[in-house]
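Residue numbers in the sequence shown follow this note's numbering, run continuously in steps of one, and reach 1525 at the last position. Below is one structure, written out as structure tokens; comments come after it.
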Amino acid sequence: MSVEIDEEYRPREDEPFMNERQREYFRQKLLTWKDDILREAKETLQHLQDENQNHPDIADRASSETDRAIELRARDRQRKLIAKIDAALDRIEDGSYGYCEETGEPISLRRLEARPIATLSIEAQERHERRERVYRDD
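So this is what it looks like as structure tokens:
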């Protein structure tokens, strides 16, 4: 894309939905988020390697193992998040970004601002969660 946006730009409701500026804004937001996650993952990996020492005290060893398990779970969640970010970037490229997968209606800019990987409008997300709750309660 050849659209330049400045740091103060924020998508507005009075613009055409998912115009080039908005798509570029969300593309940059997603790429920055992904870079932050990858940087944190690299730092965690370094920390885990540095922490990979033998603790003579069993309590210290248990504490270290618990910390390691928590960090690895967090990294796994972030790995899944990166896949969602990549999918959102693909949707920007194919023109489907910002539209609800269920209804085809635009997802509100406020929702996309808060959750740029959103694939459902708030209404569709609420229906989805209600159905999930019904099945979980059975």
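Each residue gets a CB set at the ideal place from its N, CA and C atoms; glycine is no exception.
Residue i, buried or exposed, once every other Cβ within 10 Å from all chains shown has been counted against 16
| i | result |
| --- | --- |
| Pro-1403 | exposed |
| Leu-1507 | buried |
| Leu-1459 | exposed |
| Leu-1499 | buried |
| Tyr-1412 | buried |
| Glu-1513 | exposed |
Residue i vs residue j beta-carbon contact at 9 Å
| i | j | result |
| --- | --- | --- |
| Ser-1495 | Ile-1504 | no |
| Glu-1492 | His-1515 | no |
| Ile-1574 | Trp-1420 | In the structure as shown, the chain begins at 1388 and stops at 1525. Residue 1574 is therefore absent and cannot be evaluated. |
| Leu-1476 | Leu-1425 | no |
| Arg-1414 | Pro-1398 | no |
| Thr-1431 | Ala-1470 | no |
Contact belief for residue i with residue j at Cβ below 8 Å, rounded distance in angstroms
| i | j | result |
| --- | --- | --- |
| Tyr-1484 | Arg-1410 | 7 Å |
| Gln-1465 | Ala-1501 | Actually they do not touch by this definition, with Cβ atoms about 18 Å apart. |
Contact set for residue i: own chain, Cβ-Cβ below 7 Å, skip 5 residues either direction
| i | result |
| --- | --- |
| Leu-1435 | Arg-1455, Glu-1458 |
| Asp-1423 | none |
Chain-order list of residues whose beta-carbon lies under 6 Å from that of residue i (same chain, five-residue window excluded)
| i | result |
| --- | --- |
| Met-1405 | Gly-1485 |
Nonlocal neighbours in the same chain, by C-beta distance under 8 Å from residue i, ignoring five residues either side
| i | result |
| --- | --- |
| Tyr-1396 | Arg-1408, Tyr-1412 |
| Val-1521 | none |
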